[in-house]
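Here's the structure, in structure tokens; my notes come after.
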Amino acid sequence: MPSNKINKKKIKKSGPKGKQILSPKGMHDVLPEEAQARDKLYKVAKDVLEFYGFGKIETPIVENAELFSRTVGESTDIVEKEMYAVRSRGKEHLVMRPEMTASVVRSYLEHGLHRLPQPQFLYYIGPAFRHENPQAGRYRQFWQIGAEVLGGESDPIYDAQIIIAFSRLLGELKLKNLIVGINSIGGTADRQNYKKKLLEHYRLHNKEICKDCMRRMKTNPLRLLDCKSRSCQNIIDEAPSVLDHLSSPSKAHFKSVLEFLDEAGIPYVLKPRLVRGLDYYNKTVFEIFTEDDEKGELSLVGGGRYDYLAEILGRRSVAGVGAAMGVERVLEAAKERDPSFGTPRSKKRVYLIHIGDLAKRKSISLLEEFREAHLPIIGNLGKTSLSNQLEAADKAGATLALILGQKEVFEEDIIIRDMKTGAQETIPLKKAVKEIKKRLK
RNA sequence: GUGCCUAUGGUGUAAUGGCAGCACUAGAGCUUGUGGAGCUCUCAGUACGGGUUCGAACCCCGUUAGGCACCCCA
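Offset between the first sequence (1-based) and our numbering: plus 558.
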């Protein structure tokens, strides 16, 4: 007896094993349980964003590489080393989108949405791709829910409305302890000016600067401000603040945004060191964290104003402001708060049980009757024994079972069983749909 | 792209150089007409590739994947 087992294993072991094919690094399958939680998030997002007047837009997952190199920034990591190139038969250089704002603006320009009432409120839900090393809250394929206000004036009310919409969205998900971090990086001129001042300050501290910051001085001076190296903290603390270098229109714009947030009762924290990695931002930039995530610096939502983005892409200048939310990060936060997030409350379920081949056949048409009546009913016509099916009904959380056996088929009856009490009643088969409808109320 | 840690059935774990075991889950049966309990049986594993050794889940090297951190970002 045991020797049998050993033989079997030996044969198996000596056979070719092959390499198991797994999902690509940093990309994950969403199994049914998780899919329910996601669907719930999407539904809440849709409800909230549509309430604020956003209309849904879908753009291709693949775009011309230039769309991102020109807008997100040639020297950003996202463009420099994180884009997935797509091999195609054409000559175009296509990439998987690393974010969606540029796509939405591209679409706006391409389809002349400026002819419609301005501004346009657009939102999207979809996956984006960045080839970086995965870790908590960071994946190579990740989903974003974003919203953009495009066209019209560069009015601070829209900055505020974006922040309000996403704050409310997170609030609907029962996330607590949310922190809105906000800053203004001014217009192009302000920033040039500020960068100069910042670099001057850093040159004074030449010797204390860490290696990374030496590099940042050349590539992306604003990023100096969020260096984590201990040796740089003093330099950062003493560094000039962007807010002191804003032109008066930029200052006024920022002030208005804050006033609108006050009016909406949205608490916020001024973060003079908050800059964002994407080149296209100007004036307002912001991020939303939960208190826990703030330490880990994982933002749930990030966004800002980008009045120059459209100009980079086309001849037209289009004011714009928007934000994107990380679906995986938000789900993680929601589940931390409430582990049952997204699992539907026990619905009343009806389970159809059949006994014998005749009943099995009859079940097919009975199921159709229920579908036509839009009454949810489940069952497993592949199972045979009554015990098994009752057990399955129980595991499925059914409150009612319909039992159809040979005898019932002949007599055109069916048994209704209350799964809790075990009480059973035989009723005419024809009345099954009607009776179940009644009992589910 | 870099550094550190990790990898045993679907899940959680045991075996520390010498018989890969346990629990849960799943499937079947006890019981082709009444479930949740119990009992019996079954499926299923040392991530992949190499090396050291009489002998490797265990030691070494490489790869892949996961976690954490850097970089950067949702």
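For glycine and all other residues, C-beta sits at the position ideal for the given N, C-alpha and C.
Here's the rule I'm using: 16 or more other beta-carbon atoms within 10 Å means buried, otherwise exposed. How should F609 be labelled? Numbered from its first residue, the first sequence carries residue 609 at position 51. Around the C-beta of F609, fewer than 16 other C-beta atoms lie within 10 Å, and the residue is accordingly described as exposed.
8 angstroms contact criterion, which Q982 and I994 should meet: CB distance rounded: As a first step, residue 982 is located in the first sequence; it is residue number 424 there, counting from the start. As a first step, residue 994 is located in the first sequence; it is residue number 436 there, counting from the start. Contact between Q982 and I994 fails: their C-beta atoms lie close to 14 angstroms from each other, not under 8 angstroms.
Along the chain, where does the beta strand (DSSP E) containing H729 start, and where does it finish? Against the first sequence, residue 729 aligns to sequence position 171. Correcting the residue identity first, residue 729 is Gly in this sequence and not His. Premise fails: G729 lies in the alpha helix (DSSP H), 714 to 730, not in any beta strand (DSSP E).
Once you ignore the five residues that flank A623 on each side, which residues in its own chain have a CB closer than 6 angstroms to its CB? As a working mapping, residue 623 is identified with position 65 in the first sequence. Non-local C-beta neighbours of A623 in its own chain, meaning closer than 6 angstroms and more than five positions away in sequence, comprise H651, V653, ordered along the chain.
Rounded to whole angstroms, what is the Cα-Cα separation between T984 and A951? As a first step, residue 984 is located in the first sequence; it is residue number 426 there, counting from the start. As a first step, residue 951 is located in the first sequence; it is residue number 393 there, counting from the start. When rounded, the distance between both Cα atoms is 19 angstroms.
Is Q750 helix, strand or coil when you go by DSSP? Numbered from 1 along the first sequence, position 192 holds the residue referred to as residue 750. Q750 falls in the helix class under three-state DSSP.
Residue range of the alpha helix (DSSP H) that Y864 falls in? For the purposes of this step, residue 864 is taken as the residue at position 306 of the first sequence. Unbroken run through Y864: none, as it is neither H nor E.
So, does the segment 888 to 904 touch the segment 740 to 756, judging by three or more C-beta pairs under 8 angstroms? Cβ pair count under 8 angstroms is below three, so no.
How is K809 classed by DSSP in three states: helix, strand or coil? Within the first sequence, the letter at position 251 stands for residue 809. DSSP places K809 within a helical segment (H, G or I) once states are collapsed to three.
Can you tell me whether L756 sits near the ligand FMN, meaning its C-beta is under 7 angstroms from at least one heavy atom of the ligand? Absent from the structure shown: the ligand FMN. Ligands present: none.
Taking the beta carbon of K841 as the centre, do at least 16 other beta carbons fall within 10 Å, making it buried, or is it exposed? Mapped onto the first sequence, residue 841 falls at position 283. Burial state of K841 is buried, judged by a 10 Å Cβ sphere holding 16 or more other Cβ atoms.
According to DSSP, is T942 helix, strand or coil? Within the first sequence, numbered from 1, the residue matching residue 942 stands at position 384. T942 falls in the coil class under three-state DSSP.
Give the DSSP-derived three-state secondary structure of P798 in the structure shown. Within the first sequence, the letter at position 240 stands for residue 798. DSSP, reduced to helix, strand and coil, places P798 outside both helices and strands of the structure shown, so it counts as coil.
Report the rounded CA-to-CA distance for L607 versus S633, giving the unit in angstroms. Here residue 607 corresponds to residue number 49 of the first sequence, with the count starting at 1. Here residue 633 corresponds to residue number 75 of the first sequence, with the count starting at 1. Approximately 33 angstroms between the Cα atoms of the pair.
For K918 and V637, what's the separation of their Cα atoms in angstroms? Position 360 of the first sequence holds residue 918. Position 79 of the first sequence holds residue 637. Those two C-alpha atoms are separated by around 58 angstroms.
According to the neighbour-count rule (16 or more other Cβ atoms, all chains shown, within 10 Å of its Cβ), is P798 buried or exposed? Along the first sequence, read from residue 1 onward, the residue named residue 798 stands at position 240. In this structure P798 is exposed. Its beta-carbon is surrounded by fewer than 16 other beta-carbon atoms within 10 angstroms.
Of the residues L960, P902, T901, A892, the one placed nearest H912, counting alpha carbons only: As a working mapping, residue 912 is identified with position 354 in the first sequence. Considering only alpha carbons, the answer is L960.
Could you check what DSSP says for F609 in three-state terms: helix, strand or coil? As a first step, residue 609 must be located in the first sequence, where it is residue number 51. The three-state secondary structure of F609, taken from DSSP, is helix.
Quick check on DSSP: helix, strand or coil for A643? Taking the first residue of the first sequence as position 1, residue 643 is located at position 85. Strand.
Extent of the continuous beta strand (DSSP E) run through S742: Counting from one through the first sequence, the residue named residue 742 turns up at place 184. S742: member of the beta strand (DSSP E) spanning 736 to 742, first to last residue.
Alpha-carbon to alpha-carbon, E796 and M772: By one-based count along the first sequence, residue 772 stands at place 214. By one-based count along the first sequence, residue 796 stands at place 238. In this structure, the CA atom of M772 is about 17 angstroms from the CA atom of E796.
Taking the alpha-carbon of L804 as reference, which of N751, V833, L856 has the nearest alpha-carbon? As a working note, residue 804 is residue 246 in the first sequence. When N751, V833, L856 are compared, the shortest CA-CA separation from L804 is found for N751.
Based on the DSSP secondary-structure assignment, which residues constitute the bridge partners of K614? To locate residue 614, count along the first sequence from 1; it is residue 56. DSSP, once it has assigned bridges, lists Y681 as partnering K614.
Do the CB positions of M658 and Y682 come within less than 8 angstroms of each other? For the purposes of this step, residue 658 is taken as residue 100 along the first sequence, with counting starting at 1. For the purposes of this step, residue 682 is taken as residue 124 along the first sequence, with counting starting at 1. Result yes, Cβ atoms of M658 and Y682 sit closer than 8 angstroms.
Does the beta-carbon of F968 have 16 or more other beta-carbons within 10 angstroms, so that it is buried, or is it exposed? Start at 1 with the first residue of the first sequence, and residue 968 comes out as number 410. Counting Cβ neighbours within 10 Å, F968 comes out exposed, since fewer than 16 surround it.
Just verifying my parser: in three-state terms, what is the DSSP assignment at T659? Stepping through the first sequence from its first residue, residue 659 is reached at position 101. In the structure shown, T659 sits in a helix (DSSP, three-state: H, G or I).
Run through DSSP, which three-state label would A956 get? What you label residue 956 is simply residue 398 of the first sequence in a count that begins at 1. Coil at A956, not helix or strand.
Looking at the strands, I want to know which residues DSSP matches up with M883. Within the first sequence, the letter at position 325 stands for residue 883. Note: M883 sits in a beta bridge opposite I703, V859.
Would you kindly work out how many angstroms separate the C-alpha atoms of G684 and L589, rounded to a whole number? What you label residue 684 is simply residue 126 of the first sequence in a count that begins at 1. What you label residue 589 is simply residue 31 of the first sequence in a count that begins at 1. Taking the straight line joining both Cα atoms gives about 17 angstroms.
Less than 8 angstroms between the C-beta atoms of L829 and G739, yes or no? Here residue 829 is taken as the residue at index 271 of the first sequence, counted from 1. Here residue 739 is taken as the residue at index 181 of the first sequence, counted from 1. Just to set this straight, residue 829 is Lys in the shown sequence, not Leu. Yes, Cβ-Cβ distance for K829 and G739 is below 8 angstroms.
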